[in-house]
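Protein sequence lines correspond, in order, to chains E and B. Last residue of the first sequence: number 606 in our numbering, and the count goes up by one each step with no gaps. Last residue of the second sequence: number 381 in our numbering, and the count goes up by one each step with no gaps. Quick reminder that beta carbons are idealized off the backbone N, C-alpha and C, glycines included.
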Amino acid sequence: MSSPPQITPQPAETQAKGILLVRELCKSFSDKNKPEVKALDSVSFVVHRGCITGLVGADGAGKTTLIRISAGLLVPTSGSVTVLGRDSIADTLEIQSRVGYMPQKFGLYQDLTVAENMTLYADLQGVAGTERTEKFTRLLQMTSLGAYTGRRAGALSGGMKQKLGLACALIKSPEILLLDEPTVGVDPVSRRELWKIVNELVERDGIGVLVSTAYLDEAEKCDQVVVLHEGKVLAEGTADAFIKPMAGRTLLLDASPDRNLRTIYTHLSGRADVVDVTIRSGKVRTVLAEKVDATTLTDTLGPITTHQAQPTFEDAFMALIPRSDHQHRPSSVGSTHPGHDQDEIVRADNLQKLFGTFEAVKKLTFTVRRGEIFGLLGPNGAGKSTTFRILCGLLPASGGEISVAGHDLRRSRARARSRLGYMAQQFSLYGQLTTRENLGFFGKAYGLSGKRLKTRIEWAFAEFSLAKWADTPAGALPGGNKQRLAMAVALLHEPDILFLDEPTSGVDPFARREFWLRINTFAEQGTTVVVTTHFMEEAEYCDRMLIMSQGDTLAFGTPTEIRELAKTADTPHPTMDDAFIALAEGTVITPQSAPATPMGEGKRP
Amino acid sequence: MKGKLLFLMRLRGILQKETLQILRDPSSIALAIVMPMVLLFLFGYGVTLDADHIPTALVDDDGSSVARELIARFDLSPNFELLPTRTMAEAEELIRNRTAHAIIRLQSDFSAQMLSGQEAPVQLIVNGIDANRARLIQGYVRTALGNWSSMRLARGETAGLPAVMVSPRVWFNESTESRNFIIPGLITLIMTLIGILLTALVVAREWERGTMEALLVTPLRRIEILIGKIFPYYILGMLGMGMSVLVAILVFQVPFRGSVPALLLFSSLFMLASLGFGLLLSAAIRIQFVAAQVSIVAGFLPAFFLSGLIFDLESTPLPIQVISHIVPARYFVDISHTLFMAGDVWPVLVPGGLVLAAMAIIFLRLAYGNITKRLEK
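Printed below as a string of structure tokens:
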């Protein structure tokens with residue numbers, strides 16, 4: 002852990018230039034029934050004028066608390082934050098008139114139009130007359146919201162809401178801008194646009210920006226990065242300073258005739274000298290622990306092609322976080338891979354769903370094969386949740402044929418349901434019941450009893466490392482353990498097919514990695530997995546996927562096929578994000594009708 | 005000077021926002037306009053403490069002209085719906101199968117007894133399952149008989165009655181319509197609902213939707229938040245009150261004998277007390293569902309049961325009477341009854357008004373103290 006830059010005391014000179022000074026900041030939250038939580042522990046750093054400072058860390062690292070203290074919303078337990086030379090607590094009102102702040106939920110009034118929301122914040126910030134007119138013109142142009150001034154904020158898309166929220170925070174021409182996870186739940190196109198606006202502001206107006214993010218790739222867009230972990234600053238420096246020491250430790254591995262991506266992926270995850278493994282752009286990407294010879298990989302994997310990869314901030318971040326905090330090792334990986342059956346476990350033919358006259362799903366045709374990981378992707382409102390609910394038998398289809406695990410959903414829904422496991426987007430277990438009681442209840446609901454129920458519960462405790470939480474109420478489980486329990490419940494009755502609705506939204510990078518590793522393991526063992534997600538990079542873990550937009554098929558195929566769609570002279574190696582943006586903007590032509598079979602083996606004319 | 009301008013501008017911003025939200029949000033309109041109307045019509049038409057058109061079996065064994073005259077009295081009364089029967093057995097059957105609630109029987113010697121100046125008994129049999137209604141029927145029958153006797157006495161004819169007679173005069177609510185009592189009280193309930201439930205809900209909604217956090221980081225002052233939350237809902241509450249008063253007078257024909265300025269003054273005091281209480285509740289609540297529950301339990305139910313709106317407080321146990329003194333609705337129910345039925349009786353209005361004013365000041369002050377510009381207390 003010697004590589005990343007360590008915190009160095011700030012020279013007096015830089016402190017003078019700093020516009021936001023965090024000094025020895027501690028913040029604890031206490032609740033009568035719970036032990037005291039230390040959200041921030043002696044945090045110090047400086048934000049400079051004309052710089053973007055990124056606050057990076059997993060969920061619960063203390064990012065939001067730090068930003069809220071800076072905005073004067075919370076009182077520190079000890080230490081201080083000085084904003085523009087003033088104390089965040091003593092001079093809150095003075096600071097608040099010079100700082101722009103965008104909270105996580107954007108702070109917009111749903112019933113008010115775009116123009117009315119902006120007028121409200123202009124009134125509150127005391128921006129009037131010609132200053133206001135000019136400001137509005139500029140902000141509307143910057144956010145391209147000019148055409149929507151009469152639309153209510155509640156009717157805007159996620160990306161537009163986020164831009165309006167930003168516009169409202171910028172009305173007073175703040176000297177410092179505080180953004181709390183501004184890009185959460187927003188599609189890649191909107192994320193790029195937001196960063197463009199922020200960069201422009203910094204360059205033109207020279208303001209300082211403090212932005213928290215859980216998207217590690219966004220850290221590279223910051224001038225300075227502060228990594229928070231469990232309330233402490235783990236490291237601080239430029240993104241480059243983080244990335245440089247990673248040179249030579251990042252490898253890309255190709256699939257070989259003996260080993261497909263998934264087996265390589267699960268194998269590497271089990272190795273102690275590997276810091277991180279992901280699937281990216283059709284290759285396995287791995288980060289080795291320090292001083293590990295890359296050739297040792299071939300010892301266990303056999304002959305395999307490896308390439309050096311350009312290290313990213315994410316690699317550095319994963320190497321930085323203490324291992325024991327996030328490592329999940331797959332417990333039992335079947336060495337024999339059953340191989341994809343051509344057996345089609347889900348078959349949808351001309352699937353259609355009407356809500357009144359609104360066609361939420363338009364003539365969708367696709368199949369899911371046994372043992373594959375099938376992704377359902379698309380922006381909000383694309384109809385993926387509706388499709389998903391029809392597949393699980395929660396919503397009846399308006400037209401078309403659909404069968405799941407050999408049962409026609411229109412006729413024998415109950416029988417089909419007993420073969421499927423479902424994990425809802427929201428935590429849907431009983432918060433007051435303990436882990437054991439929840440497992441018991443849902444097991445019985447699925448028809449398990451006696452010895453079999455007992456064995457399955459024991460299996461769940463072992464597989465998901467939940468044994469030590471057995472008697473904790475589900476509502477009080479920390480972090481990713483709720484997710485684990487929800488998944489355990491869905492798998493209790495050994496379903497043939499597992500439906501997961503946005504399982505990784507609101508989950509930190511570690512939990513997401515652990516989650517995909519598990520899914521992989523289950524798919525290896527022959528369980529079919531249908532999953533929705535809005536993280537495009539996660540699409541790489543899918544065998545095949547369906548990208549939807551406005552109820553229609555936008556694209557269908559393997560990750561490689563989808564990426565190939567966005568291949569141009571400028572971007573010879575497009576990422577999933579690139580492909581999604583290209584598809585959404587309509588710059589690539591997709592087959593007009595939904596293909597019933599995947600497009601050719603990754604080769605497009 | 006500049007500071008004052010900024011103050012006014014911020015105030016304009018937040019007032020405008022609240023107004024637009026009220027106008028656009030169907031739930032606040034429903035709560036402020038539809039709900040009062042539903043309550044008024046439900047209570048105005050559905051819940052009356054009177055009994056009209058009581059189906060009553062009549063057995064006339066006498067058949068004389070005197071008896072017929074008495075029967076005509078009952079027949080003309082709006083309280084009775086006479087079902088003539090020939091025999092007592094037939095009448096009893098009607099009570100048993102619940103077609104009739106009472107039997108009035110004139111015995112065969114009724115006219116003979118009366119004309120000879122003796123006591124002439126009229127038999128009344130009442131179905132006593134609903135004790136309240138049974139008592140009402142007894143009263144109506146006694147009144148009808150009394151009126152008839154006094155009419156006969158006035159004409160110089162004999163009436164089989166004792167020499168001493170009660171001659172009732174009902175003041176303020178001459179027609180003894182219970183509606184005239186319920187509807188002015190109901191207006192209190194409606195204003196409580198708007199004042200407490202609506203404010204508690206809108207503040208909780210701001211927390212839920214994350215807009216409160218954005219408001220708190222603006223240079224908005226606490227007093228501006230207070231005014232912004234009180235004023236629009238004060239107007240809305242007064243509109244609801246005005247509308248209810250109009251419906252009371254025009255649709256339900258409730259007399260209004262007080263003056264409009266007095267009504268405005270006292271209802272404003274009550275409205276402010278309710279709003280202050282609602283805002284005080286909302287300081288501790290950040291979830292709409294909880295806000296609705298708490299305001300029903302802490303606001304609506306006490307106003308319903310402890311204000312003397314339905315139940316006479318003086319006949320309740322002492323502890324309940326003591327508790328009722330901290331319910332603002334109690335004072336306004338009195339004021340409202342007085343204004344509607346008696347007029348501007350200042351000795352009654354002023355003490356109640358002073359208590360309401362004190363409550364308004366205390367609640368608003370506490371609510372102001374509880375407004376925080378930070379996320380935690």
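Margin query: Distance check for E/Leu146 and B/Leu15, CA to CA, integer angstroms please.
Written below: 26 Å
Item checked: Beta carbon proximity, E/Asp112 to chain B, threshold 8 Å -> yes
Next item on the list: Decide yes or no for the touch test of the region 350-366 of chain E against the region 535-555 of chain E: beta carbon pairs closer than 8 Å, at least 3 of them.
Entry: In short, these stretches touch, since the Cβ pair count reaches three.
Next item on the list: Starting from the beta carbon of B/Glu181, find every residue of chain E whose beta carbon is closer than 9 Å, and list them in chain order.
Entry: Simply none; closest approach about 43 Å.
Margin query: Just verifying my parser: in three-state terms, what is the DSSP assignment at E/Ala248?
Written below: In the structure shown, E/Ala248 adopts coil according to DSSP, grouped into three states.
Check: Is the region 72-92 of chain E touching the region 115-123 of chain E, taking contact as three or more C-beta pairs under 8 Å?
Finding: no
Check: Among the residues of its own chain, which have a CB less than 7 Å from the CB of E/Asp509, if the five just before and after it don't count?
Finding: Ala59, Asp60, Ala215
Margin query: On the CB-based measure, 16 or more other CB atoms within 10 Å of its CB, does B/Met275 come out buried or exposed?
Written below: With 16 or more neighbouring CB atoms inside 10 Å of its own CB, B/Met275 falls in the buried class.
Notebook entry, point to check: Taking 8 Å as the CB-CB cut-off, is E/Thr78 touching chain B?
Noted result: no
Margin query: I want to verify the contact list: residues of chain B whose CB lies under 8 Å from the CB of E/Leu75, in sequence order.
Written below: Arg378, Leu379, Glu380
Check: Is it true that the CB of B/Gly244 sits closer than 8 Å to the CB of B/Ile198?
Finding: The answer is yes: Cβ separation under 8 Å.
Next item on the list: Identify each residue in the region 216-244 of chain B for which the Cβ-Cβ distance to at least one residue of chain E is less than 7 Å, and report them in chain order.
Entry: Glu217, Ala218, Leu220, Val221, Thr222, Pro223, Leu224
Checklist line | Listed by chain order, chain D residues near B/Arg369 by CB distance under 7 Å | finding: The structure shown contains no chain D; its protein chains are E and B.
Item checked: Other residues of its chain near E/Thr65: CB distance less than 8 Å, five sequence neighbours each side excluded -> Sequence-distant Cβ neighbours of E/Thr65 in its own chain, meaning closer than 8 Å and more than five residues away, are Gln105, Asp181, Glu182, Ser213.
Note to self: What does the Cβ neighbour count give for E/Gln97, buried or exposed, with the cut at 16 atoms within 10 Å?
What the structure shows: E/Gln97 comes out buried.
Next item on the list: Per DSSP, which residues does E/Asp502 bridge with? Please list them.
Entry: E/Thr533
Item checked: CA-to-CA distance, E/Leu377 to E/Trp460, given in whole angstroms -> 29 Å
Notebook entry, point to check: Checking contacts by CB at 8 Å: is E/Ser98 closer than that to chain B?
Noted result: yes
Item checked: Listed by chain order, chain E residues near B/Lys21 by CB distance under 8 Å -> Tyr110, Leu113, Glu117, Leu121
Check: Which partner residues of E/Tyr423 appear in the DSSP bridge assignment?
Finding: E/Phe500
Margin query: Taking contact to mean 3 or more Cβ pairs, one atom from each stretch, closer than 8 Å, check whether the region 182-201 of chain B and the region 267-281 of chain B are in contact.
Written below: Taking 8 Å as the limit for Cβ pairs, the verdict is that the region 267-281 of chain B does touch the region 182-201 of chain B.
Check: Which residues of chain E have a Cβ atom closer than 7 Å to the Cβ of B/Met195, listed in chain order?
Finding: Correct list: empty, because the minimum Cβ distance to chain E is about 24 Å.
Next item on the list: Please confirm if E/Val334 has its CB atom under 8 Å from at least one CB of chain B.
Entry: Unreliable placement is indicated for E/Val334, whose pLDDT of 43 sits below 50; no coordinate value is reported for it.
Check: Residues of chain E with CB under 7 Å from B/Met431, in chain order?
Finding: The displayed coordinates of chain B run from 5 to 381. Any statement about residue 431 of chain B would go beyond what the structure contains.
Checklist line | Alpha-carbon spacing of E/Gly394 relative to E/Leu492, whole angstroms | finding: 17 Å
Notebook entry, point to check: Can you give, in chain order, each stretch of the beta strand (DSSP E) that sits fully within the region 297-326 of chain E and has at least 3 residues?
Noted result: Within the region 297-326 of chain E, the complete beta strand (DSSP E) runs of at least 3 residues are 307-309.
Notebook entry, point to check: Do the CB positions of E/Gly159 and E/Asp112 come within less than 8 Å of each other?
Noted result: No, Cβ-Cβ distance for E/Gly159 and E/Asp112 is not below 8 Å.
Next item on the list: Given a cut-off of 8 Å, decide if B/Leu62 and B/Leu98 are closer than it, judged by their beta-carbon atoms.
Entry: Not closer than 8 Å, so no.
Check: Taking all protein chains shown into account, do 16 or more other C-beta atoms lie within 10 angstroms of the C-beta of E/Ser270, making it buried, or fewer, making it exposed?
Finding: buried
Check: Between the C-alpha atoms of E/Phe628 and E/Ala580, what's the straight-line distance to the nearest angstrom?
Finding: Because chain E is modelled from 2 through 606, residue 628 of chain E falls outside the range shown and cannot be assessed.
Notebook entry, point to check: Are B/Ile133 and B/Ala55 touching if we call contact CB-CB under 8 Å?
Noted result: Not a contact, by the Cβ cut-off of 8 Å.
Check: Hey, B/Phe401 and B/Val258 are a contact pair by Cβ (cut 8 Å); roughly how many whole angstroms apart?
Finding: In the structure as shown, chain B begins at 5 and stops at 381. Residue 401 of chain B is therefore absent and cannot be evaluated.
Next item on the list: Might you give, ordered along the chain, the residues of its own chain that have their beta carbon closer than 8 Å to the beta carbon of B/Phe47, omitting 5 neighbours on each side?
Entry: Ile186, Ile187, Leu190
Next item on the list: Using 10 angstroms around the beta-carbon of E/Leu202, count the other beta-carbons present and answer buried if the total reaches 16, otherwise exposed.
Entry: buried
Check: Who are the neighbours of B/Arg28 on chain E, taking C-beta pairs under 7 Å?
Finding: Asp112
Notebook entry, point to check: chain E partners of B/Gln292, CB-CB under 9 Å?
Noted result: Within chain E, no residue comes near B/Gln292; the closest Cβ sits about 14 Å away, beyond 9 Å.
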